[in-house]
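Asks: For reference, the structure I am asking about is given below.
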Amino acid sequence: MEFSGDLASLAFLPEHLRGVPYVYARHPEATEPGDVSGGANCQVYAYAVLAHFGRYVPPLHSSGLWAEHDAVQTVADPAPLDLLLFDSGPKPGLEEGYAAHVAVHVGPDHVLHLCQEVGVPVVWRYAEFAARPRYARLLGAKRARGVPLDRAVSP
């Protein structure tokens, strides 16, 4: 899948995915998968975007997503709709990926995400993540393996 045009305008997304407010408490264990009507955290939002485009990812927190290998695979070169995990670096005593920020690669040097800092979905370039200590490290990318659509979450 390729997205074109002004990716920062979010025009490639349906309206219900453009103005979703950031709500920390709306994490994968606290809401129905794909339900962003009351806001979302970064994971719930990213998973809803993928579901809209027919890709399924289990409703996992970031450390679970990073450890998951059945529904997603780790990839070296992200493609559109791959999930990206950003963090501040290793956290001694915590599992890899713990509290990582989850975002969606939408094109060369374009990353769609929902964060508390902005409050609504936004597209940033990789340098914008690197400039913020909280997101300075790109932990890696994960690609949905293409689980059948009957298991996908309806947006």
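According to the UniProt record's numbering, the sequence shown is numbered sequentially starting from 1.
Quick reminder that beta carbons are idealized off the backbone N, C-alpha and C, glycines included.
#1: Please classify SER154: is it buried, with 16 or more other beta-carbons within 10 angstroms of its beta-carbon, or exposed?
#2: Taking the DSSP output, what are the residues bridged to TYR22?
#3: Per the contact definition of three or more C-beta pairs closer than 8 Å, is the segment 86 to 100 in contact with the segment 24 to 34?
#4: Report the partner residues of LEU83 according to the DSSP bridge assignment.
#5: Using 10 angstroms around the beta-carbon of GLN116, count the other beta-carbons present and answer buried if the total reaches 16, otherwise exposed.
#6: Counting C-beta neighbours from all protein chains within 10 Å, is the total for SER62 16 or more, i.e. buried, or is it exposed?
#7: Assuming ALA144 and LEU50 form a contact by the criterion Cβ under 8 Å, report the distance between their Cβ atoms to the nearest whole angstrom.
#8: If you reduce the DSSP assignment to three classes, tell me which class VAL49 lands in.
#9: Please name the residue, chosen from GLY107, PRO108, ALA100, that lies closest to ALA136 on a Cα-to-Cα basis.
#10: Can you pull the DSSP bridge partners for LEU112?
#11: Would you kindly work out how many angstroms separate the C-alpha atoms of ALA46 and ARG132, rounded to a whole number?
#12: Which residue marks the beginning of the alpha helix (DSSP H) containing LEU65, and which one marks its end?
#13: Flag LEU114 as yes when its Cβ comes closer than 7 Å to any non-hydrogen atom of the ligand SAM, and as no otherwise.
#14: Would you list the residues sitting across from VAL75 in a DSSP beta bridge?
#15: Let's test the definition: count the other Cβ atoms within 10 Å of the Cβ of LEU17 and tell me whether it reaches 16, buried, or not, exposed.
Replies: So, to answer that:
#1: For SER154, the predicted model reports a pLDDT of 42, less than 50, meaning its position is unreliable; a value from the coordinates is still stated below. So SER154 counts as exposed.
#2: Partner(s): ALA40.
#3: Contact fails: fewer than three Cβ-Cβ distances are below 8 Å.
#4: Residue pairing by DSSP places LEU83 opposite VAL104, LYS142 in a beta bridge.
#5: The residue in question, GLN116, is exposed, as its Cβ has fewer than 16 Cβ neighbours within 10 Å.
#6: Buried, because 16 or more other Cβ atoms sit within 10 Å of the Cβ of SER62.
#7: Yes, ALA144 and LEU50 are in contact; Cβ-Cβ is about 6 Å, under 8 Å.
#8: In this structure, VAL49 counts as helix in the three-state DSSP scheme.
#9: Considering only alpha carbons, the answer is ALA100.
#10: The beta-bridge partner set that DSSP reports for LEU112 consists of VAL104, VAL123.
#11: A direct Cα-to-Cα measurement between ALA46 and ARG132 gives close to 20 Å.
#12: Bounds of the alpha helix (DSSP H) holding LEU65 are 62 to 67.
#13: Judged by which ligands are present, the structure shown has none, so any question about the ligand SAM falls away.
#14: ALA141, per the DSSP bridge assignment.
#15: Buried, by the Cβ-count rule.
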